[in-house]
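Quick mapping for you: the protein sequence lines, in order, are chains H and C.
Numbered per my numbering, the first sequence spans residues 1 to 398.
Numbered per my numbering, the second sequence spans residues 1 to 398.
All C-beta atoms, glycine included, are put in the ideal place defined by N, C-alpha and C.
Number of protein chains: 2
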Amino acid sequence: MPIVVQKYGGSSVAGVEKLRKVALRVKETREKGYQVVVVVSAMGDTTDELLALARQVSADPPRRELDMLLTCGERISMALLSMALQELGVPAISFTGSQSGIITNDAHSQARIVEVRPYRIQDELARGKVVIVAGYQGVSYKKEVTTLGRGGSDTTAVALAAALSAESCEIYSDVDGVFSADPRVVPEARKQESLSYDEMQELASAGAKVLNAQAVEFAKEKGIVILARTAHGQGSGTAVREYVAPADTRVKGVTAEVELAVLSAELEGGRLSELLEFLDVRGVRGRALAFDGLVGGTGRTFVAVPLQDVHGLEALRRDVGARFGGAVSLREDLGTVTCVGAGLNADWSYLRRALGVAEEMGAGVQAIHTSPLQLTVLVDKAHLRELTARLHREFLGA
Amino acid sequence: MPIVVQKYGGSSVAGVEKLRKVALRVKETREKGYQVVVVVSAMGDTTDELLALARQVSADPPRRELDMLLTCGERISMALLSMALQELGVPAISFTGSQSGIITNDAHSQARIVEVRPYRIQDELARGKVVIVAGYQGVSYKKEVTTLGRGGSDTTAVALAAALSAESCEIYSDVDGVFSADPRVVPEARKQESLSYDEMQELASAGAKVLNAQAVEFAKEKGIVILARTAHGQGSGTAVREYVAPADTRVKGVTAEVELAVLSAELEGGRLSELLEFLDVRGVRGRALAFDGLVGGTGRTFVAVPLQDVHGLEALRRDVGARFGGAVSLREDLGTVTCVGAGLNADWSYLRRALGVAEEMGAGVQAIHTSPLQLTVLVDKAHLRELTARLHREFLGA
Numbered sequence: 001m002p003i004v005v006q007k008y009g010g011s012s013v014a015g016v017e018k019l020r021k022v023a024l025r026v027k028e029t030r031e032k033g034y035q036v037v038v039v040v041s042a043m044g045d046t047t048d049e050l051l052a053l054a055r056q057v058s059a060d061p062p063r064r065e066l067d068m069l070l071t072c073g074e075r076i077s078m079a080l081l082s083m084a085l086q087e088l089g090v091p092a093i094s095f096t097g098s099q100s101g102i103i104t105n106d107a108h109s110q111a112r113i114v115e116v117r118p119y120r121i122q123d124e125l126a127r128g129k130v131v132i133v134a135g136y137q138g139v140s141y142k143k144e145v146t147t148l149g150r151g152g153s154d155t156t157a158v159a160l161a162a163a164l165s166a167e168s169c170e171i172y173s174d175v176d177g178v179f180s181a182d183p184r185v186v187p188e189a190r191k192q193e194s195l196s197y198d199e200m201q202e203l204a205s206a207g208a209k210v211l212n213a214q215a216v217e218f219a220k221e222k223g224i225v226i227l228a229r230t231a232h233g234q235g236s237g238t239a240v241r242e243y244v245a246p247a248d249t250r251v252k253g254v255t256a257e258v259e260l261a262v263l264s265a266e267l268e269g270g271r272l273s274e275l276l277e278f279l280d281v282r283g284v285r286g287r288a289l290a291f292d293g294l295v296g297g298t299g300r301t302f303v304a305v306p307l308q309d310v311h312g313l314e315a316l317r318r319d320v321g322a323r324f325g326g327a328v329s330l331r332e333d334l335g336t337v338t339c340v341g342a343g344l345n346a347d348w349s350y351l352r353r354a355l356g357v358a359e360e361m362g363a364g365v366q367a368i369h370t371s372p373l374q375l376t377v378l379v380d381k382a383h384l385r386e387l388t389a390r391l392h393r394e395f396l397g398a
Numbered sequence: 001m002p003i004v005v006q007k008y009g010g011s012s013v014a015g016v017e018k019l020r021k022v023a024l025r026v027k028e029t030r031e032k033g034y035q036v037v038v039v040v041s042a043m044g045d046t047t048d049e050l051l052a053l054a055r056q057v058s059a060d061p062p063r064r065e066l067d068m069l070l071t072c073g074e075r076i077s078m079a080l081l082s083m084a085l086q087e088l089g090v091p092a093i094s095f096t097g098s099q100s101g102i103i104t105n106d107a108h109s110q111a112r113i114v115e116v117r118p119y120r121i122q123d124e125l126a127r128g129k130v131v132i133v134a135g136y137q138g139v140s141y142k143k144e145v146t147t148l149g150r151g152g153s154d155t156t157a158v159a160l161a162a163a164l165s166a167e168s169c170e171i172y173s174d175v176d177g178v179f180s181a182d183p184r185v186v187p188e189a190r191k192q193e194s195l196s197y198d199e200m201q202e203l204a205s206a207g208a209k210v211l212n213a214q215a216v217e218f219a220k221e222k223g224i225v226i227l228a229r230t231a232h233g234q235g236s237g238t239a240v241r242e243y244v245a246p247a248d249t250r251v252k253g254v255t256a257e258v259e260l261a262v263l264s265a266e267l268e269g270g271r272l273s274e275l276l277e278f279l280d281v282r283g284v285r286g287r288a289l290a291f292d293g294l295v296g297g298t299g300r301t302f303v304a305v306p307l308q309d310v311h312g313l314e315a316l317r318r319d320v321g322a323r324f325g326g327a328v329s330l331r332e333d334l335g336t337v338t339c340v341g342a343g344l345n346a347d348w349s350y351l352r353r354a355l356g357v358a359e360e361m362g363a364g365v366q367a368i369h370t371s372p373l374q375l376t377v378l379v380d381k382a383h384l385r386e387l388t389a390r391l392h393r394e395f396l397g398a
């Protein structure tokens with residue numbers, strides 16, 4: 001029997017009624033002749049609530065204990081979904097990340113999956129059960145509980161789909177797939193029927209919440225087709241798969257990232273590598289947005305770090321000050337807008353048009369960054385929404 | 001260095017402020033030269049909230065999944081307490097029941113500890129760390145997560161104290177030890193400086209919430225002295241230890257159990273064993289309060305089952321009806337009042353006086369039960385508080 005992996009995000013399992021709907025959808029899938037593995041996130045705002053508790057106790061909570069704490073969210077979801085399925089007469093069993101054989105490195109709060117040993121899952125599938133797996137978590141080779149970072153449940157789903165040779169990997173959320181911009185910001189945004197792995201990765205890295213960037217990387221590596229769909233209704237969703245050369249180079253989506261801390265540095269040449277090592281030691285991974293004029297004199301550098309990845313912002317700010325003084329500052333007033341599409345930096349007209357739009361509205365671009373797949377501008381957070389809408393209109397039309 | 005095990009109940013860790021106070025007390029204990037193992041319960045009403053969620057999903061939730069769900073409560077407490085200690089500069093690490101080596105049988109939701117393998121705890125103590133352990137939970141030899149039933153954190157603490165050859169096992173709660181009755185019901189109740197294991201076990205089985213009955217059994221078996229104390233202030237608490245023959249036979253405490261379901265049966269001889277087997281198969285363990293007139297004709301039997309041990313009351317009611325028809329009914333209107341003290345049934349005057357008190361207030365005794373250590377009367381729940389107060393006055397004075 002073919003295997004399908006379905007992942008349901010936090011808002012799809014927020015509350016008992018929604019859990020019941022998920023249970024019904026799983027039941028239907030099973031009745032169509034599939035073996036079903038379900039990956040669940042924590043219900044609604046559970047993770048944020050637990051994180052807030054931790055921050056009340058400690059400004060910079062130790063990451064091992066934070067992982068211990070946060071993994072409870074998915075455990076609650078998985079146990080309740082298993083109960084809901086059994087209530088519908090569907091045999092089901094829930095497994096933690098550890099019980100599912102999700103083995104990670106020991107980078108607490110940002111762990112990467114290094115191996116999947118899905119033997120218990122396979123045994124229970126063979127017994128005719130639906131297997132429910134807690135997303136976002138694993139166990140390190142040191143036997144410690146780890147988490148995979150925000151959006152890590154997507155990665156769990158893709159990794160399991162690969163390990164189980166699943167026919168498909170379906171990621172369910174509140175929206176029916178990937179849009180060319182956030183429809184709440186750009187009403188004329190349209191759904192993309194299909195995207196390449198690379199395009200999706202760029203969108204995810206630049207703030208689009210629909211799919212997790214590491215999950216897409218994993219899917220690309222393993223050749224798993226991801227179907228991003230809505231948990232409500234029967235929309236066709238967006239398929240994320242191998243790149244198919246398009247007829248024309250064009251922008252596939254525009255996305256903004258508001259939840260950023262930006263390290264703004266004015267450093268002499270040698271100190272940049274010192275800064276990067278400083279961040280690396282602390283496990284802070286960011287996007288380098290501009291490396292400018294570093295040979296010889298003083299250069300400006302911006303490194304954008306997703307806030308969700310910084311568990312001790314105040315501690316980081318203190319340490320940065322102690323080490324670099326006024327030469328590096330941690331700013332929370334900047335955000336990015338990113339346009340994604342294959343070949344964007346092969347044709348400078350895109351960058352020119354983007355800068356023209358920003359200039360016209362007075363957005364005050366602090367830095368730009370381009371790659372074969374995207375162009376990003378760093379601006380004041382106050383301008384993010386309007387600039388997103390204007391760039392969407394410029395490149396994707398009304 | 002001597003080891004001390006401290007257990008903090010749910011109300012002692014309800015909220016960040018209380019957690020900080022617990023952390024301070026642990027720090028003080030460590031500074032006095034002890035290695036400290038801390039066992040924590042779930043914060044405040046967390047367990048009840050999770051249970052309520054489960055019951056919304058399923059009237060009779062599968063126990064394996066229920067255990068998976070409920071064990072999150074203690075995980076949250078332990079991770080937060082570890083953070084709070086580290087914030088105070090005290091090295092600490094938290095372990096789940098499984099990581100602590102608490103091995104149980106596979107009776108989900110009512111598991112018994114069969115072995116303790118505290119190697120990871122010992123390693124971390126040797127490294128100078130405070131070790132925080134999630135109470136109430138373990139792992140079965142089938143590698144499944146299990147829970148020990150209500151009050152199971154006490155059992156975790158005593159079992160660890162035994163396995164680690166701890167100098168003492170301190171159980172912290174909101175009250176400073178064990179009282180002769182619930183002070184909210186009987187204002188003149190007084191604290192007992194010391195009780196025998198047997199007396200404490202009877203009180204706990206009959207509804208006194210201060211200590212868990214299985215924990216006391218464990219302590220008795222291993223010769224661990226339990227000190228029940230308040231988490232606030234410096235009261236001397238109650239020591240629970242080997243029986244020391246008292247100068248006179250007397251009542252040490254009066255306690256009521258209101259959270260009961262009572263199986264009231266009118267059965268012919270052979271069917272009583274059928275009923276007991278029926279309950280046993282379902283894992284329902286109760287106290288048999290009266291076996292009456294079973295040789296030959298029809299007899300009346302009352303079996304009192306703590307409500308907290310029945311996870312599927314409606315399913316049980318349905319099954320009882322299907323199997324025994326009107327001969328057995330499940331009643332929720334009855335409760336028990338129990339007087340505890342060594343030798344109580346050696347002197348019938350206690351029973352006579354207790355029945356006299358009940359008769360005088362018109363409490364309508366449904367059944368009585370005595371043992372060398374206690375006498376229990378089954379009455380309508382409406383009479384529990386008054387009867388408790390009156391019996392306390394009768395046997396322990398105003």
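{"Item": "Please classify C/R287 as buried or exposed, where buried requires at least 16 neighbouring CB atoms within 10 angstroms.", "Value": "buried"}
{"Item": "Grouping DSSP H, G and I as helix and E and B as strand, with all else coil, what is H/I171?", "Value": "strand"}
{"Item": "So is C/E87 in contact with chain H if we call contact Cβ pairs under 7 Å?", "Value": "yes"}
{"Item": "Counting only Cβ-Cβ distances shorter than 9 Å, please list the residues of the stretch 67 to 79 of chain H near chain C, keeping chain order.", "Value": "D67, M68, L69, L70, T71, C72, G73, R75, I76, M78 and A79"}
{"Item": "Check this for me: beta carbons of H/D48 and H/T146, under 7 Å apart or not?", "Value": "no"}
{"Item": "From C/V178 to C/R25, what distance separates their C-alpha atoms?", "Value": "21 Å"}
{"Item": "What residues from chain C crowd round H/L50, counting only those whose CB sits closer than 8 Å?", "Value": "I76"}
{"Item": "Which same chain residues, not among the five before or five after H/K220, have their C-beta less than 6 Å away from its C-beta?", "Value": "Y197"}
{"Item": "Name, please, each residue of chain C whose Cβ falls closer than 8 Å to the Cβ of H/S94.", "Value": "E65 and M68"}
{"Item": "Is there a Cβ of chain A sitting closer than 7 Å to that of C/Q56, yes or no?", "Value": "Looking at the structure shown, chain A is missing, and the protein chains on hand are H and C."}
{"Item": "Alpha carbons only, please: which of C/P62, C/T46, C/L51 and C/A79 is nearest the one belonging to H/L51?", "Value": "C/A79"}
{"Item": "Could you tell me the alpha carbon to alpha carbon distance between C/G152 and C/D182, rounded to whole angstroms?", "Value": "21 Å"}
{"Item": "The alpha helix (DSSP H) that contains H/A265, what's its start and end?", "Value": "That residue, H/A265, is in no alpha helix (DSSP H); its beta strand (DSSP E) goes L260 to E268."}
{"Item": "Of the choices C/G283, C/G135 and C/R241, whose alpha-carbon is the least far from that of C/S168?", "Value": "C/R241"}
{"Item": "Which runs of the beta strand (DSSP E) spanning at least 3 residues fall entirely within the stretch 190 to 245 of chain H, listed in chain order?", "Value": "194 to 196, 226 to 230 and 238 to 241"}
{"Item": "Which residue marks the beginning of the alpha helix (DSSP H) containing C/V284, and which one marks its end?", "Value": "That residue, C/V284, is in no alpha helix (DSSP H); it is neither H nor E in DSSP."}
{"Item": "From H/D380, H/Y141 and H/Y136, pick the residue whose C-alpha is nearest to that of H/A159; which is it?", "Value": "H/Y136"}
{"Item": "Any Cβ of chain C within less than 7 Å of the Cβ of H/V38?", "Value": "no"}
{"Item": "Tell me the DSSP bridge mates of C/E115?", "Value": "C/I103"}
{"Item": "CA-CA distance, C/K252 and C/L227?", "Value": "17 Å"}
{"Item": "What would DSSP say about C/R331, mapped onto helix, strand or coil?", "Value": "strand"}
{"Item": "Which residue wins for smallest C-alpha separation from C/A363, given the options C/L88, C/Y243, C/R385 and C/T301?", "Value": "C/R385"}
{"Item": "Ordered along the chain, which non-local residues of its own chain (more than five positions away) have a Cβ less than 6 Å from that of H/T338?", "Value": "A206, T255, Q374 and T376"}
{"Item": "Can you pull the chain C residues whose beta carbon is under 9 Å from the beta carbon of H/A84, in chain order?", "Value": "V57 and S58"}
{"Item": "Leaving aside the five residues before and after H/V36 along the sequence, list all residues of the same chain whose C-beta is less than 7 Å from its C-beta, in chain order.", "Value": "V4, Q6, V26, T29, R30 and V130"}
{"Item": "Between C/E386 and chain H, is any beta-carbon pair separated by less than 7 Å?", "Value": "no"}
{"Item": "What in chain C is Cβ-close to H/V13, meaning under 8 Å?", "Value": "By Cβ distance, chain C contributes nothing, its closest Cβ being about 11 Å from H/V13, past 8 Å."}
{"Item": "Report yes or no: do the stretch 262 to 271 of chain H and the stretch 300 to 307 of chain H share at least 3 C-beta pairs separated by less than 8 Å?", "Value": "yes"}
{"Item": "Taking DSSP's pairing of strands, which residues face H/Q35 in a bridge?", "Value": "H/I3"}
{"Item": "Can you pull the DSSP bridge partners for C/Y8?", "Value": "C/V40 and C/Y172"}
{"Item": "Determine, using beta carbons only, whether C/P118 comes closer than 7 Å to chain H.", "Value": "no"}
{"Item": "For C/L53, return the contacting residues in chain H, with the cut-off set at a CB-CB distance below 8 Å.", "Value": "V16, I76 and L80"}
{"Item": "Check each candidate in C/E394, C/H383, C/L344 and C/V379 and name the one with the smallest Cα separation from C/T370.", "Value": "C/L344"}
{"Item": "So which of C/I171, C/M361 and C/A126 has the shortest CA-CA distance to C/P91?", "Value": "C/A126"}
{"Item": "Determine the direct distance from the alpha carbon of H/G128 to that of H/G469, and round the result to whole angstroms.", "Value": "Since the first residue of chain H shown is 1 and the last is 398, residue 469 of chain H is not available in this structure."}
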